[in-house]
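First up is the structure itself, then whatever we jot down about it.
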RNA sequence: GGUCUCGUAGCUCAAUUGGAUAGAGCAUCUGACUACGAAUCAGAAGGUUAAAGGUUCGACUCCUUUCGAGAUCACCA
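In my numbering, the protein residues as written are 1 to 620.
Okay, here's the thing in structure tokens:
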């Protein structure tokens, strides 16, 4: 059953007021409502400035007239006041208490409450690791964003398909392979106990070390910089290895399969630790050939053109860009070729799901790449290449506007020393960072003596939840578009605006609720009997905001909206908790009402945390 | 050099997309546990929103210029 929300009621009646009072019609988007600032009396404020065009009266006069109309016609509006062009409306307590009694707070329930949201199928690509090195902090941001946005979209009535794209082939993969072949002495993850992805990463660094020393010795013999980098024996060897790989050389393929196997085993552990899952994983090695087919067809239909050396290009000069390479002169594919193949593969695989939107969660360093990819897709659709013409995919990377391919471009995670670079060893390793967080959680929890009555397994699970809660919140609370700074020397906090703060608030409420149950208090309330206090109303108002916060977060693709909201709610509740007694309240009705308020708050805290991929512990 | 982002308290981040006196946390200082859980709460201090113009009822937000930081412009991914 859908409740009519007060905002909708007010918008409707404000339009009515303008019509009645000034014989003008205004559209709903001209009506702006906002929360009343705490220093003024009221719950909701209507901005009348935009309406003075219709009224042709001063803001104050207009505000008073509308205020009067709303008070007469909307039973929920009890009192109003006007400050400059701001019309502050007081909403009757019964509206808030009714909301509290009737609301449902599981994210799934908002699928119904947010009924104006469109139901559609969205594919979200994220993670997208390379198999030549372990995951680092940058990948963590990517994974957490992808996972969280998927949850948020689900709560906003979308059907979500999460996909990973593993970059498992190419020259960089061969570098690790060659280095292992030369200097590995048959070392394996089981022989030295190293996690597979870390072992392979070690040889990627090893390659670079030897390569650099070859380059510098060539340079000291008088070779020019560029020449040295092209002619170093190691680079020649690795190129030869890639050719053999593409030719299907058994020895090389076996080596590749073995080492990638190590990496996948390592990744699986990291993903499990992070709590990230996918409906399907794609491998570049399985889609790049399909990309080449698209290029062939595009060539014959005039989307692409061939240069004398055999390389294939697209001319994007009319679109304000450049000529862009699609296929190398030796016929091997590049990144963008593979992306086209993967796109087509996905559309085929999920034909029955009728995908409306595909979101690529990829860093902002690749904005140019996606601009090009989307433009190429548009041209392929126009020429009906590879069946693209029958699809509804658009070209736009712009937010909104019904665009079907969207690059969710997020900012880099920087260290105080600047950008992270794998080869230079200036990365914050994902596994190490998670371990550190869990250790800190373990130490802090023990120091606070919170493990009483827990067995070892429960305690370990708790440390994991808190450590990862801190890490996830730390990363997700920042606007995805903005770059963020991480200082490894300063450990992530557990106090203040943090994940554990919210988890603690939840656990504390659970403790109260357990005691309430022991005391056989039901937590229901006859709303009319009690007077609600300001702080209680503030909490209810925040609970009331939850559905619209989900909607906004989904539209902006921003988990930060959820993080900011849930922090606000936890803070507000804690203030209430300190100010009022719950189980020891004077009147029975107050007790029940406050238990109810606490229980609902806990539900929303848990639901919000879930949207961020964070677990709410029952005790901590 | 072309294109694109960004610049808010000492530090890390907010500001409902143009709305009221720019808010939080950390760090610093002060106070509150014999209490339904102190990973909490209350308070103090901290700002010419990089700078200068402009647009309008109203600008951290939009436009122009300057300064500063970063990304990108590969037969890399």
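A virtual CB, placed ideally from N, CA and C, is assigned to each residue, including glycine.
What is the DSSP secondary structure of residue i, reduced to helix, strand or coil?
{"i": "residue 383", "result": "coil"}
{"i": "residue 473", "result": "helix"}
{"i": "residue 277", "result": "coil"}
{"i": "residue 324", "result": "strand"}
{"i": "residue 546", "result": "helix"}
{"i": "residue 305", "result": "strand"}
{"i": "residue 613", "result": "coil"}
{"i": "residue 399", "result": "Reliability of the predicted coordinates at residue 399 is poor, the pLDDT of 33 falling under 50, and the value obtained from them is presented with this limitation in mind. In this structure, residue 399 counts as coil in the three-state DSSP scheme."}
{"i": "residue 486", "result": "coil"}
{"i": "residue 35", "result": "strand"}
{"i": "residue 49", "result": "helix"}
{"i": "residue 418", "result": "strand"}
{"i": "residue 448", "result": "coil"}
{"i": "residue 493", "result": "coil"}
{"i": "residue 606", "result": "helix"}
{"i": "residue 374", "result": "helix"}
{"i": "residue 406", "result": "strand"}
{"i": "residue 225", "result": "helix"}
Rounded to a whole number of angstroms, what is the C-alpha to C-alpha distance between residue i and residue j?
{"i": "residue 78", "j": "residue 40", "result": "15 Å"}
{"i": "residue 571", "j": "residue 176", "result": "49 Å"}
{"i": "residue 347", "j": "residue 355", "result": "8 Å"}
{"i": "residue 93", "j": "residue 60", "result": "26 Å"}
{"i": "residue 2", "j": "residue 96", "result": "Any reading at residue 2 needs caution, since the residue's pLDDT is 46, under 50, leaving its predicted position unreliable; the model's value is listed next. Going by the C-alpha atoms only, they are around 16 Å apart."}
{"i": "residue 219", "j": "residue 205", "result": "21 Å"}
{"i": "residue 603", "j": "residue 155", "result": "15 Å"}
{"i": "residue 201", "j": "residue 134", "result": "6 Å"}
{"i": "residue 607", "j": "residue 601", "result": "10 Å"}
{"i": "residue 279", "j": "residue 128", "result": "14 Å"}
{"i": "residue 21", "j": "residue 55", "result": "8 Å"}
{"i": "residue 266", "j": "residue 429", "result": "13 Å"}
{"i": "residue 214", "j": "residue 275", "result": "42 Å"}
{"i": "residue 295", "j": "residue 124", "result": "25 Å"}
{"i": "residue 402", "j": "residue 565", "result": "The predicted model places residue 402 with a pLDDT of 37, which falls under 50 and marks its position as unreliable; any figure quoted below should be read in that light. Rounded to whole angstroms, residue 402 to residue 565 spans 27 Å at the Cα level."}
{"i": "residue 610", "j": "residue 147", "result": "11 Å"}
{"i": "residue 500", "j": "residue 470", "result": "6 Å"}
{"i": "residue 126", "j": "residue 165", "result": "7 Å"}
{"i": "residue 171", "j": "residue 421", "result": "18 Å"}
{"i": "residue 357", "j": "residue 415", "result": "34 Å"}
Between the Cα of residue i and the Cα atoms of the options, which residue gives the shortest distance?
{"i": "residue 203", "options": "212, 184 and 219", "result": "184"}
{"i": "residue 70", "options": "14, 417 and 261", "result": "14"}
{"i": "residue 142", "options": "472, 553 and 600", "result": "472"}
{"i": "residue 122", "options": "565, 198 and 151", "result": "151"}
{"i": "residue 247", "options": "318, 330, 153 and 207", "result": "330"}
{"i": "residue 19", "options": "269, 51, 495 and 327", "result": "51"}
{"i": "residue 195", "options": "409, 261 and 253", "result": "261"}
{"i": "residue 575", "options": "328, 255, 533 and 462", "result": "533"}
{"i": "residue 309", "options": "405, 327, 371 and 448", "result": "327"}
{"i": "residue 44", "options": "288, 132 and 5", "result": "5"}
If you check the beta carbons only, do residue i and residue j fall under 8 Å apart?
{"i": "residue 476", "j": "residue 612", "result": "yes"}
{"i": "residue 512", "j": "residue 582", "result": "yes"}
{"i": "residue 234", "j": "residue 210", "result": "yes"}
{"i": "residue 47", "j": "residue 85", "result": "yes"}
{"i": "residue 169", "j": "residue 285", "result": "yes"}
{"i": "residue 596", "j": "residue 507", "result": "no"}
{"i": "residue 145", "j": "residue 547", "result": "no"}
{"i": "residue 68", "j": "residue 82", "result": "no"}
{"i": "residue 33", "j": "residue 7", "result": "yes"}
{"i": "residue 173", "j": "residue 231", "result": "no"}
{"i": "residue 117", "j": "residue 74", "result": "no"}
{"i": "residue 445", "j": "residue 451", "result": "yes"}
Problem set entry | 3-residue-minimum beta strand (DSSP E) runs that sit fully inside the stretch 157-207, ordered along the chain | 159-166
For this session: Can you check the stretch 79-154 for any alpha helix (DSSP H) of at least 4 residues that lies completely inside it and give the ranges in chain order?
Result: 93-102 and 110-113
Exercise. Which ranges does the beta strand (DSSP E) cover as unbroken runs of at least 3 residues, wholly within the stretch 308-364, from first to last along the chain?
Worked result: List check, beta strand (DSSP E) in window: 312-315, 323-327 and 355-363.
Problem set entry | beta strand (DSSP E) segments (min. 3 residues) lying fully within the stretch 545-586 | none
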